[in-house]
Amino acid sequence: MPTRRSTGTAAGAGGTRRAPGLERERKQLREIEESIPGPPSSLNMDRHGSAARTGRANLRHAKHEHTETSPAMTGGDVDADWEDAYAVGDEAPGGDNPTPDQDVVDDIGRALGVEYQDNEELKGADKIADRDKKRWELDPASAEDYKDRD
11 MPTRRSTGTA AGAGGTRRAP GLERERKQLR EIEESIPGPP SSLNMDRHGS
61 AARTGRANLR HAKHEHTETS PAMTGGDVDA DWEDAYAVGD EAPGGDNPTP
111 DQDVVDDIGR ALGVEYQDNE ELKGADKIAD RDKKRWELDP ASAEDYKDRD
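Okay, structure coming up:
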């Protein structure tokens with residue numbers, strides 16, 4: 011059986027080219043450039059060039075919105091679950107699961123709103139009762155509309 015000899019052209023290249031059968035208009039260069047995100051503006055300091063986000067802005071917003079809790083609730087330990095310490099209290103001073111640094115008595119007392127001098131007698135119930143008598147919520151001047159009252 012004889013073999014075919016090459017004519018010097020690629021297979022199927024001898025005919026006319028057909029346009030691709032697209033049912034839409036081709037994209038213009040301007041449209042392509044608009045869809046490619048560029049680097050962030052150097053004027054916006056909260057934006058980062060990478061896709062990874064640290065959550066810093068979200069944490070700052072949460073701390074600004076919810077002031078009832080802070081690392082002070084866990085004796086200053088930022089690694090403890092201080093966001094839930096107000097409601098749950100597992101890692102708060104006196105909780106079921108204190109973190110290793112929560113053995114500093116002064117920090118624990120400060121977190122609970124009870125502080126003692128070095129030579130002061132420990133009267134826990136009296137100290138807590140005295141603390142609760144001076145709560146800011148009970149002071150009429152702490153109300154938002156205090157200045158508007160007659």
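In the numbering used here, the protein residues as written are 11 to 160. We treat Cβ as the ideally placed atom computed from N, Cα and C, and that holds for glycine.
### Query
Do the CB positions of Thr79 and Glu93 come within less than 9 Å of each other?
Along the sequence shown, read from residue 1 onward, the residue named residue 79 stands at position 69. Along the sequence shown, read from residue 1 onward, the residue named residue 93 stands at position 83. Closer than 9 Å, so yes.
### Message
In whole angstroms, give me the CA-to-CA distance for Asn129 and Asp100.
### Response
Indexing the sequence shown from 1 puts residue 129 at position 119. Indexing the sequence shown from 1 puts residue 100 at position 90. Pairing Asn129 with Asp100, the inter-Cα distance amounts to about 30 Å.
### Query
Helix or strand or just coil, what does DSSP make of Thr64?
Position 54 of the sequence shown holds residue 64. Looking at Thr64 - three-state DSSP - the assignment turns out to be coil, as it is neither helix nor strand.
### Query
Ends of the alpha helix (DSSP H) at Leu122?
Taking the sequence shown and counting its residues from 1, one reaches residue 122 at position 112. Its alpha helix (DSSP H) spans residues 115-122.
### Task
Return the CA-CA distance between Val114 and Arg159, expressed in angstroms with no decimal places.
Translated into positions along the sequence shown, residue 114 becomes position 104. Translated into positions along the sequence shown, residue 159 becomes position 149. Roughly 44 Å between the two C-alpha positions.
### Message
Using the three-state DSSP reduction, which class does Lys157 fall into: helix, strand or coil?
### Response
Stepping through the sequence shown from its first residue, residue 157 is reached at position 147. It is helical.
### Task
Compute the distance between the beta-carbons of Val98 and Asp91, then report whether it is under 9 Å.
Locating residue 98 in the sequence shown gives position 88, counting from the first residue. Locating residue 91 in the sequence shown gives position 81, counting from the first residue. Yes, they are a contact pair.
### Message
Counting C-beta neighbours from all protein chains within 10 Å, is the total for Asp149 16 or more, i.e. buried, or is it exposed?
### Response
Taking the first residue of the sequence shown as position 1, residue 149 is located at position 139. Exposed: under 16 other Cβ atoms inside 10 Å.
### Secondary structure of His76, DSSP reduced to three states
Residue 76 sits at position 66 when you count from the first residue of the sequence shown. If DSSP states are grouped into helix, strand and coil, His76 belongs with coil.
### Query
Applying the criterion that 16 or more other CB atoms from any shown protein chain within 10 Å of the CB defines a buried residue, is Ala121 buried or exposed?
For the purposes of this step, residue 121 is taken as residue 111 along the sequence shown, with counting starting at 1. Ala121 comes out buried.
### Task
Just the C-alpha distance for Arg28 and Asn68, rounded to the nearest angstrom, thanks.
As a working mapping, residue 28 is identified with position 18 in the sequence shown. As a working mapping, residue 68 is identified with position 58 in the sequence shown. Between the alpha carbons of Arg28 and Asn68 lies a distance of about 55 Å.
### Message
Here's the rule: buried if 16 or more other CB atoms are within 10 angstroms of the residue's CB, otherwise exposed. What is Asp142?
### Response
The sequence position of residue 142 within the sequence shown is 132, counting from 1. Within 10 angstroms of the beta-carbon of Asp142 lie fewer than 16 other beta-carbons, which makes it exposed.
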